[in-house]
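Chemist:
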Amino acid sequence: MTYTSGPHTGDKCTWANSCAGSASSVHDGDHLLVWDNSGDEHSVVLEYERSDVGGSDYTRDWNHYGKYAKLDVNMNIPEDGWITYRVCLGEYGSRQVLRDTCSSFFWESAG
């Protein structure tokens, strides 16, 4: 986790709230970067499914470090794999995702 000098619009933004949270994918090394762009007391949560991990619910990674924090999630997805993800706001303490803030889902190939 690192801090940036200001907000980051990212490739994907939380919905209807001026991009309070954002995410960008970096294919080289299979990373998803998750930013908190607002001092709104909400955390930013990345919800995703991967081709190489089964399960009946999304995996979630939380950026709960505060305004202008960037979380680097290293995926290590096989080259023939994929990920589908969205970025949302949420309450880290209760692990409640605020569904009305979520972006749409995005699908990306790892290769």
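Mapping the sequence shown onto the numbering used here, position 20 (from 1) lands on 409, and the numbers just tick up by one. From the three backbone atoms N, C-alpha and C, an ideal C-beta is built for every residue, glycine too. From a predicted model like this one, the values you see are computed outputs, not experimental measurements.
1. Out of curiosity, what's the CA-to-CA distance linking ASN514 and TRP404?
2. CB VAL476 to CB GLY399, shorter than 9 angstroms?
3. At a cut of 8 angstroms, does the region 437-445 reach the region 453-461 through at least three beta carbon pairs?
4. According to DSSP, simplified to helix, strand and coil, what is ASP425?
5. Determine the extent of the beta strand (DSSP E) in which THR490 is found, giving its start and end residues.
6. With DSSP as the reference, please indicate the residues paired to LYS401 in a beta bridge.
7. Mind pulling the alpha helix (DSSP H) runs of 4 or more residues that sit fully within the region 444-479?
Modeler: From the atom records:
1. Lying before the first or after the last residue shown, residue 514 is absent from the chain, which here runs from 390 to 500.
2. yes
3. Fewer than three pairs of CB atoms, one per stretch, sit closer than 8 angstroms, so the region 437-445 makes no contact with the region 453-461.
4. strand
5. Here THR490 belongs to no beta strand (DSSP E), and DSSP marks it neither H nor E.
6. ALA412
7. Qualifying alpha helix (DSSP H) stretches: none in this window.
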